[in-house]
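Numbering (this note's numbering), first residue to last: 372 to 563. We put the beta carbon where it would ideally sit given N, CA and C, even for glycine. A short worksheet on the structure shown next.
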């Protein structure tokens, strides 16, 4: 039951994020389900269920029954323009990572990844390869957006997790995301 509910919660979060529920309610707070459905061009019944799921996850709150507003949690992490937005990571997980789990049984039985079963088109399969040179621009940008959104939230903790006092300098070796270095250079300087 817990696993089933967890999957439902994840899907509600991903769906609300992808449809733009949180951005809409930030621009126009206190909308009811019918108004949200009209703005998003979705069904009223489906929108009601989605909003109630987000309410139960404490991502939305009732302001004037039956109207909805974002909670502080959704304002911090689920708005596209929020400094700590995790939308890039959510999109990557929804469109790529979680899909791999749909063939977990086959992966365990065969002992190999299931990219060929999971992804029908090449661009999604490329997202999981280490060969960044051959990735399409769209796939690169989606992956970098995911890494950047995660680093904005966790970067300071990573940059300050180690005692660097024995070192006189630090060097970024490159990679897809330099936010941890540049975004936290003052914290790193304190440690070296």
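Notebook entry, point to check: Three-state secondary structure (DSSP) at residue 389?
Noted result: helix
Margin query: If distances are taken between C-alpha atoms only, which option among 448, 487, 381, 542 comes closest to residue 471?
Written below: 487
Margin query: For a test of the three-state rule: what should DSSP assign to residue 438, helix, strand or coil?
Written below: strand
Next item on the list: Use the C-beta contact count for residue 425: other C-beta atoms within 10 angstroms, 16 or more gives buried, fewer gives exposed.
Entry: buried
Note to self: Considering only their Cβ atoms, is the gap separating residue 529 from residue 537 smaller than 9 Å?
What the structure shows: no
Item checked: One or two residues paired with residue 403 in a DSSP bridge -> 438
Item checked: Helix, strand or coil at residue 432 according to DSSP, with G and I counted as helix -> strand
Check: Expressed to the nearest angstrom, what Euclidean distance is found between the alpha-carbon atoms of residue 388 and residue 542?
Finding: 36 Å
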